[in-house]
Amino acid sequence: MKIRYGVIGCGAIHGVHCESIRGVAGAELVGVFDVLPDRSQKTAEKFGITSFETLEALFEAVDAVTVCVPSGLHAELGVAAAKAGKHVLVEKPIDVTVEAATRLIEACESAGVKLGTISQHRFSAAVRRLHDAAQGGEFGKLLEGDAYIKWYRTQAYYDSGDWRGTWALDGGGCLINQGVHYVDMIQWIMGGVRAVQAQVRTSAHDIEVEDIAAALVEYKNGAIGVIQGSTSFYPGLAERLEVHGKHGSVILEGDKPKLWKIDAEAAAEGLYGGGVQMQPTPSLHLHDQTDEVAAGASDPTAIWGEQHRLQIEDFTQAILENREPAMTGRMALEPLKVILAIYESSRKGGARVEIA
Ligand SMILES: NC(=O)c1ccc[n+]([C@@H]2O[C@H](COP(=O)([O-])OP(=O)(O)OC[C@H]3O[C@@H](n4cnc5c(N)ncnc54)[C@H](O)[C@@H]3O)[C@@H](O)[C@H]2O)c1
């Protein structure tokens, strides 16, 4: 049996969904819908699929949808799909408010359909390995977890869609749009965020929302950390996750290990540890599908592909096996809450904001 998919929204990211669905053995790409019919027709011609004239017609023909519309419309379309009995995989972020995200989660639960949210970097082998090392106790006590997402987007990028860089439909700027992946990963790896203190700014673009953000983070386990986001730093740097524990340190850059040094015995020996790591020493062979990821710092289209396919494969298997997907809607609430707390802290002059 194959899960029949429809894709809603035919903009920048939707082609990756179409290609990914076609790359999954248990999935079939049936058709697409967009409020701008010329967009869905173009996609339909390219893939030899149906361009549906209405959402209802698409729902009639499929078992599941992927939602690739502006972020502040994810819940609205996801709820409509759930009410029609369709499984729902929404792009990130799950939506732009906790209320909308919760509405979507509850609609899917009461309809008995699966809900997933794209967070494709979780499907990188190095990120999964780091999560398992951190949560499996390999670092010993976790001390600090940092995420740096110093990217670059031009004003033309923000002008390319009337929803981009707006509070209503983008939900914020460099953190909720570009940074959400890394906020999600660092909070997942570290075991959840308790509180933040932050400053965000709109500094280099003519937009409503932030294009620079700096936050001090306290994790639930007592560790601390830093989250820095930007779409202002030319030329855009590869994003980094840095995790430090009592027994070692790991740095991933562009989802690839730059430093992987965990050694409980060595960490207990000598007075000065292993010396300053001037030359990072990656010791894992995890250079899987992630080689191209760093390129996304300045060109978003450079980073899309295999990780989406892996996540759609997992979502398809979750439907077929009647289990939860690896990245559920409820899991996607966590990075959203962290980002909204960062915005609230900044509005309050950097005050500590606890995550409910
Ligand atoms: N996972 C990733 O790496 C990644 C990358 C890019 C975008 N995204 C996410 O994907 C979503 C879409 O981003 P994009 O860059 O493709 O946007 P886009 O503006 O390029 O495309 C959005 C499309 O949705 C259509 N649309 C709007 N309202 C609609 C409705 N009610 N019904 C049907 N279609 C509708 C628009 O006409 C447009 O074609 C966003 O939430 C974004 O955060 C994720």
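Per numbering that gives the first Met the number 0, residue 0 is the first one in the sequence shown, and the count goes up by one each step.
Positions of the beta carbon are idealized from the N, C-alpha and C atoms, including for glycine.
- Rounded to the nearest angstrom, the gap between the Cα atoms of Ile188 and Leu240 is 10 Å.
- Placement of the Cβ of Arg193 at a distance of 7 Å or more from every heavy atom of ligand 1 is found.
- For Leu335, the closest C-alpha among the options Glu55, Ala267, Val34 and Thr96 is that of Thr96.
- When Leu103, Gly224, Ala350 and Thr49 are compared, the shortest CA-CA separation from Gly244 is found for Gly224.
- In terms of CA proximity to Ile311, Leu88 leads the group Arg38, Ala60, Leu88 and Glu353.
- The count of Cβ pairs closer than 8 Å, one atom from the segment 114-129 and one from the segment 315-333, reaches three, so the stretches are in contact.
- Partner residues in the beta bridge of Gly30, as assigned by DSSP, are Gly5 and Thr49.
- Of the other Cβ atoms in all chains shown, 16 or more fall within 10 Å of the Cβ of Thr230; this residue is therefore buried.
- Across the set Val179, Gly14, Cys173 and Ala24, the C-alpha of Ala24 shows the shortest separation from the C-alpha of Phe314.
- For Tyr233, the CB contacts under 6 Å within the same chain, skipping 5 residues up- and downstream, are Tyr151 in chain order.
- Considering only Leu215, Gly328 and His246, the residue with the shortest C-alpha distance to Ser344 is Leu215.
- Asp262 sits exposed, since fewer than 16 C-beta atoms from the chains shown fall within 10 Å of its C-beta.
- In the DSSP assignment, Val199 forms a beta bridge with Ala212.
- At least one heavy atom of ligand 1 lies less than 7 Å from the C-beta of Phe32.
- According to DSSP, residue pairing for Asp145 in a beta bridge involves Glu241.
- Straight-line measurement puts the Cα of Asp169 at about 8 Å from the Cα of Ile175.
- In the structure shown, Leu114 falls within a strand segment according to DSSP collapsed to helix, strand and coil.
- Gly14 and Thr42 have their C-alpha atoms some 8 Å from each other.
- When the beta-carbon positions are compared, Ser19 and Val31 stay at least 8 Å from each other.
- Distances from the CA of Lys85 to each of Val68, Leu54 and Pro69 were compared; the closest alpha carbon is that of Leu54.
- Rounded to the nearest angstrom, the gap between the Cα atoms of Cys173 and Gly269 is 43 Å.
- When the alpha-carbon of Leu332 is set against those of Glu90, Lys255 and Ala267, the nearest one is in Glu90.
- Boundaries for Ala63: no alpha helix (DSSP H) harbours it, while the beta strand (DSSP E) harbouring it runs Ala63 to Val66, taken from the DSSP string.
- Classified as buried, Asp254 has 16 or more neighbouring CB atoms from the shown chains inside 10 Å of its CB.
- Ser70 has its CB nearer than 7 Å to a heavy atom of ligand 1.
- Taking C-beta separations shorter than 7 Å and ignoring five residues to either side along the sequence, the partners of Ala222 in its chain run Leu141, Leu142, Glu143, Gly144 and Met189, following chain order.
- Assignment of beta-bridge partners to Val249 by DSSP yields Val242 and Trp259.
- Assigned with DSSP and collapsed to three states, Val179 falls in helix.
- Spatial neighbours of Val112 in its own chain (CB-CB distance under 7 Å, excluding positions within 5 residues in sequence) are listed in chain order as Ala81, Gly84, Lys85, His86 and Val87.
- The residue among Pro256, Ile318, Lys347 and Gly304 with its C-alpha nearest the C-alpha of Arg128 is Pro256.
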